[in-house]
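Asker: Here's a structure for you.
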Amino acid sequence: MKRKIDHIDKSILRVLQESADRPYKQMSSILHSPTSTISERIKKLKQSGIIISTVVKLDRKKLQQDILGHVYLRLTITSKEVIEKFRQKLLLIREVSSCTSITGSYNIKIKVITNDTSRFHEIEREIASFPHVERVLNYIELDEIIPYSGFHF
Numbered sequence: 002m003k004r005k006i007d008h009i010d011k012s013i014l015r016v017l018q019e020s021a022d023r024p025y026k027q028m029s030s031i032l033h034s035p036t037s038t039i040s041e042r043i044k045k046l047k048q049s050g051i052i053i054s055t056v057v058k059l060d061r062k063k064l065q066q067d068i069l070g071h072v073y074l075r076l077t078i079t080s081k082e083v084i085e086k087f088r089q090k091l092l093l094i095r096e097v098s099s100c101t102s103i104t105g106s107y108n109i110k111i112k113v114i115t116n117d118t119s120r121f122h123e124i125e126r127e128i129a130s131f132p133h134v135e136r137v138l139n140y141i142e143l144d145e146i147i148p149y150s151g152f153h154f
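Just so we're aligned, residue 2 is where the sequence shown starts under the numbering used here, counting upward by one.
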């Protein structure tokens, strides 16, 4: 059974999306709720799978990972078996940050983070050589106009 979330849960999730390492005591004062309530609610949000994990957001440029690009692919076959083999090959490329299926002219979007454009293009060529890849398109992000800050509900 799915757990329903109320306004207190939503407030906790908003604060966690801003900074997940914030102490419960600080969250308690921000949300005007007892620390025990915050602690118990977070525990239940984790147990129900609403909070999947707590991660650190890194500044990729300070780590000399200046290029963030997307490779769009059109696969000729998208069976579960083909996608799984494709996925296994992608997992071997450490610069691949994420991969999603999409709708439209292309059916796969791959996010690549690397140190320079030469490496980005090497990765693109490698991926383009995978079986069943019909078309390839890429974009490199220049500036982040609105940074990702979680989602709003």
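A virtual CB, placed ideally from N, CA and C, is assigned to each residue, including glycine. Small disclaimer: the values here were computed from a predicted structure and weren't measured.
DSSP on I124, reduced to helix/strand/coil?
Answerer: It is helical.
Asker: Given a cut-off of 8 Å, decide if I128 and I111 are closer than it, judged by their beta-carbon atoms.
Answerer: A contact, by the Cβ cut-off of 8 Å.
Asker: Could you compute how far the alpha carbon of N108 sits from the alpha carbon of F131?
Answerer: The alpha-carbon atoms of N108 and F131 are separated by roughly 15 Å.
Asker: Could you check the C-alpha separation between F154 and K11 for me, to the nearest Å?
Answerer: Between F154 and K11, the C-alpha separation is close to 8 Å.
Asker: Once you ignore the five residues that flank S49 on each side, which residues in its own chain have a CB closer than 6 Å to its CB?
Answerer: Excluding positions up to five away in sequence, the list reads R4.
Asker: Can you tell me which of the three DSSP states S46 falls into?
Answerer: Strictly speaking, residue 46 in this sequence is Leu, with Ser absent from that position. It is helical.
Asker: Among R61, I13 and T77, which one has its Cα closest to the Cα of T38?
Answerer: Selected option, being the one with the closest Cα: I13.
Asker: Report the residue from D67, V72 and I51 whose alpha carbon sits nearest the alpha carbon of L143.
Answerer: Per the Cα distances, D67.
Asker: Using the Cβ count rule (16 or more neighbours within 10 Å means buried), how would you classify Y42?
Answerer: A quick correction: the sequence has Arg, not Tyr, at residue 42. With 16 or more other Cβ atoms within 10 Å, it is buried.
Asker: Evaluate contact between the region 24-33 and the region 84-101, counting only Cβ atoms and requiring at least three cross-stretch pairs below 8 Å.
Answerer: Because the criterion of three Cβ pairs below 8 Å is not met, the region 24-33 and the region 84-101 do not touch.
Asker: Kindly indicate the opening and closing residues of the alpha helix (DSSP H) around V83.
Answerer: Segment K81 to L91, the alpha helix (DSSP H) holding V83.
Asker: Could you spell out where the beta strand (DSSP E) holding S98 opens and where it closes?
Answerer: V97 to S102 is the extent of the beta strand (DSSP E) around S98.
Asker: Nearest to P148 by CA position, among F121, S80 and K58, is which residue?
Answerer: Per the Cα distances, K58.
Asker: For my contact list, V72 and E125 are in at a C-beta cut-off of 8 Å; report their separation, rounded to the angstrom.
Answerer: The pair is a contact, with the Cβ atoms about 5 Å apart (cut-off 8 Å).
Asker: Going by the CB atoms, is the gap between T36 and K26 shorter than 8 Å?
Answerer: Their beta carbons are under 8 Å apart, which means K26 touches T36 by this criterion.
Asker: Can you check DSSP and say which residues form a bridge with Y149?
Answerer: Paired residue(s): none; Y149 is not in a bridge.
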